[in-house]
Amino acid sequence: MNFFETQHLTKAFGGLIAVNDVSFQVVKGEIHGLIGPNGSGKTTVFNLINGYYPITSGKILFEGHELNGLPTWKICKFGIGRTFQVVKPLRRMTVLENVMCSAFNLTTRRDVAKEKSLEVLEFCELTKKQDFQAKELTIGDRKRLEIARALATGPRLLLLDETMAGLTPQEQAEGVKLIRKIRDSGITIIIVEHIMQVIMNICDRILCINYGQEIAGGTPAEVANNQAVIEAYLGKE
Amino acid sequence: MKPNHWSKIIIVLFLAIFPLIVPSDYYRHIFILALMWVVIGSSWNLLAGYTGQVSFGHAAFFGVGAYTAGLCVTKLHISAWWGMLLAGPVSMVVAFFIGCICFRLRGPYFNLATLAIAEILRLTAIVWRDLTEGMQGILIMRTFRNKTYYYYFALILAAACIYAIYRVIRSKWGYYFVAIREDQDAAESMGISSFRYKTFSLLISSFFTGLAGAFYMNYMGFIDPEVVFSLYFISIMAILVAIIGGAGTIWGPAVGAFIMVLLQETFRSSFFGLFPKWVSQAHVLVFGLLVIFVIRYMTNGIVGDWVKIQRLWSKNKEQPLASTGS
Numbered sequence: 002m003n004f005f006e007t008q009h010l011t012k013a014f015g016g017l018i019a020v021n022d023v024s025f026q027v028v029k030g031e032i033h034g035l036i037g038p039n040g041s042g043k044t045t046v047f048n049l050i051n052g053y054y055p056i057t058s059g060k061i062l063f064e065g066h067e068l069n070g071l072p073t074w075k076i077c078k079f080g081i082g083r084t085f086q087v088v089k090p091l092r093r094m095t096v097l098e099n100v101m102c103s104a105f106n107l108t109t110r111r112d113v114a115k116e117k118s119l120e121v122l123e124f125c126e127l128t129k130k131q132d133f134q135a136k137e138l139t140i141g142d143r144k145r146l147e148i149a150r151a152l153a154t155g156p157r158l159l160l161l162d163e164t165m166a167g168l169t170p171q172e173q174a175e176g177v178k179l180i181r182k183i184r185d186s187g188i189t190i191i192i193v194e195h196i197m198q199v200i201m202n203i204c205d206r207i208l209c210i211n212y213g214q215e216i217a218g219g220t221p222a223e224v225a226n227n228q229a230v231i232e233a234y235l236g237k238e
Numbered sequence: 076m077k078p079n080h081w082s083k084i085i086i087v088l089f090l091a092i093f094p095l096i097v098p099s100d101y102y103r104h105i106f107i108l109a110l111m112w113v114v115i116g117s118s119w120n121l122l123a124g125y126t127g128q129v130s131f132g133h134a135a136f137f138g139v140g141a142y143t144a145g146l147c148v149t150k151l152h153i154s155a156w157w158g159m160l161l162a163g164p165v166s167m168v169v170a171f172f173i174g175c176i177c178f179r180l181r182g183p184y185f186n187l188a189t190l191a192i193a194e195i196l197r198l199t200a201i202v203w204r205d206l207t208e209g210m211q212g213i214l215i216m217r218t219f220r221n222k223t224y225y226y227y228f229a230l231i232l233a234a235a236c237i238y239a240i241y242r243v244i245r246s247k248w249g250y251y252f253v254a255i256r257e258d259q260d261a262a263e264s265m266g267i268s269s270f271r272y273k274t275f276s277l278l279i280s281s282f283f284t285g286l287a288g289a290f291y292m293n294y295m296g297f298i299d300p301e302v303v304f305s306l307y308f309i310s311i312m313a314i315l316v317a318i319i320g321g322a323g324t325i326w327g328p329a330v331g332a333f334i335m336v337l338l339q340e341t342f343r344s345s346f347f348g349l350f351p352k353w354v355s356q357a358h359v360l361v362f363g364l365l366v367i368f369v370i371r372y373m374t375n376g377i378v379g380d381w382v383k384i385q386r387l388w389s390k391n392k393e394q395p396l397a398s399t400g401s
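As they're listed, the protein sequences go chains A and B. Quick note on numbering: my numbering labels position 90 of the first sequence as 91, and the sequence is numbered without any gaps. Quick note on numbering: my numbering labels position 1 of the second sequence as 76, and the sequence is numbered without any gaps.
Okay, structure coming up:
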């Protein structure tokens, strides 16, 4: 049994096929990259896994359970957390309250949720900002908050959607450190990212898709040297 | 942000002994209505201010509650006070079905759906004469002639409502409600079933609004569909009470309720008879202006923007000659 896999995952918006027959497996404990040019369907794959969109055909299996047709919140309870590319902070709540909303997944007691949230904030190095309103945060901190919130739900699989986009090189370096730390704590990660430096650095394996179809998969080195991938990004000679 | 402790204690004490120090039935009446509006405003606030589901149809629950109490007398031949027990659960049942229909919609579509359903209930109450007596309304004998009893009843109801909402807001549900208000998609991805928790919020809200309706029946002794299902007198008023006091704050609707009821009464009586009669027609206009003012200058209402108001106050004290502008 695979930890996580998709089988022939397909999503059509009317006549437009956004994701076409994508099958991939994720091994427990790895960081799996998902790359592709703009509009290639990466975020759509996340939205399918996450249950935000209904699947047209195919299957998603997580620890042997089929996730098809489950609502988003149930999938979260199954142990899949996600962050959004366009961050969605709960603006008029403090950072701590944001994370506590997630932490209530595991408990109904306020003090327990708060304790858990403080741990997560410490882990994500947001402790100093805990009493800030989420709307006051910089983009870097907002991205961190997204991650903290996803972590507080107690996931075993974490979907990171472009958590580095728009960050300064220094923030990126810190982000990479954080992602490695998450992996080391035993959480499997699927990451969508545009910044190749980041993705080549931290991923164990990468899947490249274009126009909704998988064009290459394997280790970072294999994918980087794959002719189809180079063509997808740079065009044909 | 909040008035300090002393002023709070004074307010509570004042409310507790109000009917004993003010012998006038007229002022007691106004305060009873204000306390009833504290309940309705707070309930609306839980659903709209905290959970972000702005209802234009809270008259539905108020009316159902009032008619539950009324029908206890006309159909079941028992005291209308039984309505106080039944109105909450009955409103919740109605609210559950309304929720199942309306929570499929978001934003303005939700608002309009609640509005439509409240209107449907109003028309039903008018047309279904066998049950409701239609426009004739329901007239019952009031239990007490002394308004003091009603006053304390309303006070307890208002206190219980605020306390219950306060407890809910500080619990897991409260966090979930605000999360849904701030971003429903984010909330879902955090493991929150938005439908389930919106329904919980609606049920609590409708419970207390229904109680307020049953109280109204008991207190006024007369209801008809145009009053208790009224779009303007109930649904819109509930929104005004909460927004002017401060939506999304515990005490906002309470403050708003007193301001709105006193203002309404001041105008209705043409400033206690000081002005000619036609002034009483102007209260809608003044409400409109007040809403514009609050939305423009105090988005979070009087309680929510209390700091801002205090700052303005102290600034004026320091520089009495400074212009009112800026």
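Just so it is clear, CB atoms sit at the ideal spot from N, CA and C, and this is done for glycine as well.
Among the residues facing chain A, TYR250 (chain B) is included, as its CB has a counterpart in that chain under 8 Å away.
In the assembly as shown, MET335 (chain B) is a buried residue. Its beta-carbon has 16 or more other beta-carbons within 10 Å. Apart from the 5 residues on each side of it in sequence, ARG92 (chain A) sits with its Cβ closer than 8 Å to the Cβ of GLN134, ALA135, LYS136 in its chain, given in chain order. Here THR73 (chain A) has ASN51, GLY52, TYR53 as same chain residues with Cβ atoms under 8 Å from its own Cβ, once five neighbours each way along the sequence are excluded. Counting only residues of its own chain and dropping the five nearest sequence neighbours on each side, PHE89 (chain B) has no CB closer than 7 Å to any other CB.
If the five residues before and after ILE309 (chain B) are omitted, its C-beta is found closer than 6 Å to the C-beta atoms of ALA134, PHE137, all from its own chain and listed in chain order.
A direct Cα-to-Cα measurement between GLY80 (chain A) and LEU158 (chain A) gives close to 6 Å.
Below 8 Å, enough C-beta pairs join the region 359-378 of chain B and the region 308-326 of chain B to call them touching: three or more. A distance below 8 Å between beta-carbons, with the five flanking residues on each side excluded, links PRO38 (chain A) to the following residues of its chain, in chain order: ASN211, ALA233, TYR234. For ASN106 (chain A), the neighbours in chain B by C-beta distance under 9 Å run, in chain order, MET265, GLY266, ILE267. Taking a Cβ-Cβ cut-off of 7 Å, ARG242 (chain B) has no neighbours in chain A, whose nearest Cβ is about 11 Å from it.
From the listed residues B:PHE228, B:LYS150, B:ALA144, the smallest Cα separation to PHE106 (chain B) is found for B:PHE228.
With respect to the 8 Å criterion, GLY34 (chain A) and LEU208 (chain A) are classified as neighbours on the basis of their beta carbons.
Chain A places no beta carbon closer than 8 Å to that of SER99 (chain B), leaving this residue out of the contacts.
In this structure, ARG206 (chain A) and THR220 (chain A) form a Cβ contact; the two beta carbons are roughly 6 Å apart against a cut-off of 8 Å.
Taken atom to atom, the span from the alpha-carbon of THR324 (chain B) to that of GLN259 (chain B) is near 20 Å.
Against ALA329 (chain B), chain A offers no close residue; the least beta-carbon distance is about 21 Å (beta-carbon pairs closer than 7 Å). Close to ASP260 (chain B), with beta-carbon spacing below 9 Å, are these residues of chain A in chain order: TYR53, THR73, PHE85, LYS89. When the alpha-carbon of LEU214 (chain B) is set against those of B:LEU232, B:ILE195, B:TYR291, B:ILE318, the nearest one is in B:TYR291. With a 10 Å radius around the Cβ and a threshold of 16 neighbouring Cβ atoms, VAL168 (chain B) comes out exposed.
Linking ALA332 (chain B) to ILE180 (chain A) through their CA atoms gives a straight-line distance of about 51 Å. SER41 (chain A) counts as buried, since at least 16 other C-beta atoms from the protein chains shown sit within 10 angstroms of its C-beta. Here LEU349 (chain B) carries a coil assignment [DSSP, helix/strand/coil].
For SER99 (chain B), there is no enclosing alpha helix (DSSP H), since its DSSP letter is neither H nor E. Among the residues of chain B, none has a CB under 9 Å from the CB of LYS115 (chain A); the nearest is roughly 10 Å distant. Around SER58 (chain A), the same chain offers THR11 as residues with beta carbons nearer than 6 Å, after the five sequence neighbours per side are excluded. Here ASP299 (chain B) is not near GLY174 (chain B), since their CB atoms are 8 Å or more apart. Nearest to LEU97 (chain A) by alpha-carbon distance, out of A:HIS195, A:LEU127, A:GLY176, A:ASN21, is A:LEU127.
In this structure, the alpha-carbon of PHE185 (chain B) lies about 41 Å from that of GLN26 (chain A).
Of all C-beta pairs linking the region 278-290 of chain B to the region 152-164 of chain B, three or more are shorter than 8 Å, placing the two stretches in contact.
Taking 8 Å as the threshold, the shortest C-beta distance from VAL253 (chain B) to chain A falls below it. No Cβ of chain A is located within less than 8 Å of the beta carbon of SER276 (chain B). Residues of chain A whose Cβ lies closer than 8 Å to the Cβ of ARG245 (chain B) are, in chain order, ARG111.
According to the DSSP assignment, VAL27 (chain A) belongs to the beta strand (DSSP E) that extends over 17-27.
For secondary structure counted as the alpha helix (DSSP H) over 4 or more consecutive residues, the region 68-131 of chain A holds these complete runs in sequence order: 73-79, 96-104, 111-124. A check of alpha carbon separations from THR164 (chain A) across A:LYS144, A:THR154, A:PRO156, A:ILE183 identifies A:LYS144 as the nearest.
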